[in-house]
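Once you know that position 43 of the sequence shown is 195 in our numbering, the rest is easy, because the numbers rise by one and skip nothing.
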Amino acid sequence: MSGITTENNFFSQTLHSWYRANGRDLPWRSTNDPYAIWISEIILQQTRVEQGLDYYLRFMQRFPDANTLADADEIDILKLWQGLGYYSRARNLHFAAKQIKNDFGGTFPSTYQEVRSLKGIGDYTAAAVCSFAYGQPYAVLDGNVYRVLARFFGIHTPIDTAKAKKEFSELAQHLLDKKNPSLYNQSIMDFGALQCTPASPRCDSCPLAEKCAALSQNEQSVLPLKSKKTISRKRFFNYFYILNGGKTYLHKRTGNDIWKNLYEFPLIETAEETPLQDLVHMGFLHEIDINACRITKKMSLKHILTHQTIFAKFYIIDFCEQHTKNISNFIEIKESDIDSYPIARLSEIFLEQKDTNRK
Numbered sequence: 153m154s155g156i157t158t159e160n161n162f163f164s165q166t167l168h169s170w171y172r173a174n175g176r177d178l179p180w181r182s183t184n185d186p187y188a189i190w191i192s193e194i195i196l197q198q199t200r201v202e203q204g205l206d207y208y209l210r211f212m213q214r215f216p217d218a219n220t221l222a223d224a225d226e227i228d229i230l231k232l233w234q235g236l237g238y239y240s241r242a243r244n245l246h247f248a249a250k251q252i253k254n255d256f257g258g259t260f261p262s263t264y265q266e267v268r269s270l271k272g273i274g275d276y277t278a279a280a281v282c283s284f285a286y287g288q289p290y291a292v293l294d295g296n297v298y299r300v301l302a303r304f305f306g307i308h309t310p311i312d313t314a315k316a317k318k319e320f321s322e323l324a325q326h327l328l329d330k331k332n333p334s335l336y337n338q339s340i341m342d343f344g345a346l347q348c349t350p351a352s353p354r355c356d357s358c359p360l361a362e363k364c365a366a367l368s369q370n371e372q373s374v375l376p377l378k379s380k381k382t383i384s385r386k387r388f389f390n391y392f393y394i395l396n397g398g399k400t401y402l403h404k405r406t407g408n409d410i411w412k413n414l415y416e417f418p419l420i421e422t423a424e425e426t427p428l429q430d431l432v433h434m435g436f437l438h439e440i441d442i443n444a445c446r447i448t449k450k451m452s453l454k455h456i457l458t459h460q461t462i463f464a465k466f467y468i469i470d471f472c473e474q475h476t477k478n479i480s481n482f483i484e485i486k487e488s489d490i491d492s493y494p495i496a497r498l499s500e501i502f503l504e505q506k507d508t509n510r511k
């Protein structure tokens, strides 16, 4: 790290000055409560601050400490999380809260190794909690930090490789202000989020511009490098919202797939786009007297996730007379009770629009 020693003070001091003038005023920055900081960090994974803020406030009001969260029902946690996506984060929070209650007597652990041992906590989150809550000298390394370091120091190692993780981790730790790790970590993260942005970075007003390697080589749009392209697979979901005398049906998703433990309407997934006349011969529709109901297509939605794209069609099945025969693998509920069940954003959009869209 000798080659960057001369830049150390300039880099950290410049970031500190920038942050004092431009840093965001966020509720989790006015506390050293490790639980609150942990909740904020998990919510903000894969989530913009603008979207995550309200979720954080509601979550802290409902579950103000680890013991309250540990004792909660998963369905209540998932319902509160609804709309944020990446629901494994909520399930991991619940599991980790139980660890805190059972293994640490309800008190949030205070060492890096103990924090790192909690379910769903990786190197970044452990470093964030320990530096923000306890002032411990651990450098954070998230997407914002990778981008700032890659551009300023002109690093061309693809950030999605094991070599890069080691290289950037060592660099980040070397640059860390050991006397004030919290300030340094917050500074570089906000700098990446607000100044050195992924697209159209604000280089014309950047206080690091005079020594930025990417700017001098006109590589702002190139760095940081990635070696792999994300491959997204296509999936075709056909949902059926059943109206049956004030009742409807839901199914709980299980297994290692998207939206685990969330609820959804009866679903037939197909390998390709499939017309209704073929769908009526598939899945649970065998158990329904098609002649005794009216099936109407309501809408088509495209839902993009990290590694897959969902092409969804929503149909409404409206029984002319009450259907009394059980439909396998689904729970029957009152239509008015749907709001009590956590559902994916895709289904939530359908419910919001079903009375206005008529396709």
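For each residue, glycine too, the CB sits at the ideal point set by N, CA and C. Quick caveat: nothing in here was measured; it's all calculated off a predicted structure.
Going along the chain, which residues of its own chain have a beta-carbon closer than 8 Å to the beta-carbon of residue i, five neighbours each way excluded?
i: cysteine 472; result: Ala444, Cys445, Arg446
i: glutamine 338; result: Tyr171, Gly175, Arg181, Phe284
i: glutamine 165; result: none
i: tyrosine 401; result: Ile394, Phe417, Pro418, Ile479, Phe482, Ile483, Glu484, Ile485
i: tyrosine 264; result: Ala278, Ala279, Cys282, Gln288, Tyr290
i: glutamate 319; result: Ile307, Thr309
i: lysine 315; result: Thr309
i: methionine 153; result: Unreliable placement is indicated for methionine 153, whose pLDDT of 48 sits below 50; the coordinate value is still reported in the next sentence. Within the same chain, methionine 153 has close Cβ partners Glu322, Leu323, His326.
Is residue i helix, strand or coil by DSSP?
i: asparagine 174; result: helix
i: methionine 434; result: coil
i: leucine 221; result: helix
i: isoleucine 410; result: coil
i: tyrosine 208; result: helix
i: threonine 400; result: strand
i: serine 164; result: helix
i: serine 192; result: helix
i: phenylalanine 428; result: Looking at the sequence provided, one finds leucine at residue 428 rather than phenylalanine. In the structure shown, leucine 428 sits in a helix (DSSP, three-state: H, G or I).
i: lysine 378; result: coil
i: lysine 506; result: coil
i: glutamate 371; result: coil
In this structure, what does DSSP give as the bridge partners for residue i?
i: isoleucine 394; result: Ile469
i: glutamine 460; result: Arg385
i: tyrosine 187; result: Bridge partners of tyrosine 187: none, in fact.
i: isoleucine 440; result: Answer is none; isoleucine 440 lacks a bridge partner.
i: cysteine 364; result: Paired residue(s): none; cysteine 364 is not in a bridge.
i: glutamate 500; result: Bridge partners of glutamate 500: none, in fact.
i: arginine 446; result: Asp470
i: threonine 422; result: Phe388
i: serine 452; result: Lys465
Given residue i, which residues of its chain have a CB within under 6 Å of its CB, disregarding the five upstream and five downstream residues?
i: isoleucine 229; result: Ala242, His246
i: asparagine 390; result: Ile420, Leu431, Lys465
i: glutamine 198; result: Tyr238
i: arginine 510; result: Since pLDDT at arginine 510 reaches only 44, below the 50 mark, its modelled position is unreliable, and the value read off the structure follows with that caveat. There are no such residues.
i: arginine 354; result: Gln347
i: leucine 375; result: Ala302, Arg303, Ala366
i: isoleucine 442; result: Val432
i: tyrosine 415; result: Leu402, Lys404, Tyr493, Ile495
i: leucine 221; result: Phe215, Ala249
i: glutamine 325; result: Ala291
i: isoleucine 189; result: Trp180, Val281, Phe284, Ala285
Under 7 Å Cβ to Cβ from residue i, same chain only, skipping five residues before and after it: list those, please.
i: leucine 328; result: Pro289, Ala291, Tyr336
i: serine 384; result: His459, Gln460, Thr461
i: glycine 155; result: Residue confidence for glycine 155 is low, a pLDDT of 46 falling below 50, so the modelled location carries little weight and cannot support an answer.
i: leucine 498; result: Leu453, His455, Ile462, Ala464
i: leucine 232; result: Arg210, Phe211, Arg214
i: glutamine 251; result: Leu270, Lys271
i: glutamate 424; result: Phe388
i: aspartate 294; result: Tyr276, Met341
Please determine, among the options, the residue with the shortest C-alpha to C-alpha distance to residue i.
i: glycine 274; options: Asn254, Ala248, Tyr286, Thr259; result: Ala248
i: tyrosine 208; options: Ser352, Leu196, Ala218; result: Leu196
i: phenylalanine 417; options: Ala423, Ile394, Ile227; result: Ile394
i: leucine 167; options: Asn244, Val300, Lys506, Gln372; result: Val300
i: threonine 349; options: Asn219, Val297, Phe260; result: Val297
i: asparagine 244; options: Gln265, Phe256, Gly257, Ala218; result: Ala218
i: serine 334; options: Lys378, Ile495, Pro186, Tyr415; result: Pro186
i: serine 352; options: Lys363, Glu362, Asn370; result: Asn370
i: aspartate 177; options: Ile194, Leu205, Phe162; result: Leu205
i: serine 488; options: Glu439, Lys506, Gly398; result: Gly398
i: leucine 122; options: Ile440, Gln234, Glu439, Ile410; result: Since the displayed the chain opens at 153 and closes at 511, residue 122 lies outside it and no answer follows.
i: asparagine 408; options: Gly435, Gln203, Ser240, Ile194; result: Ser240
i: methionine 451; options: Asn332, Lys412, Ser357, Glu504; result: Glu504
What alpha helix (DSSP H) runs, 4 residues minimum, are completely inside the region 285 to 357? 295 to 305, 314 to 327, 333 to 342, all fully within the region 285 to 357.
Which residue spans inside the region 237 to 286 form an unbroken beta strand (DSSP E) run of at least 3? Within the region 237 to 286, no complete beta strand (DSSP E) run reaches 3 residues.
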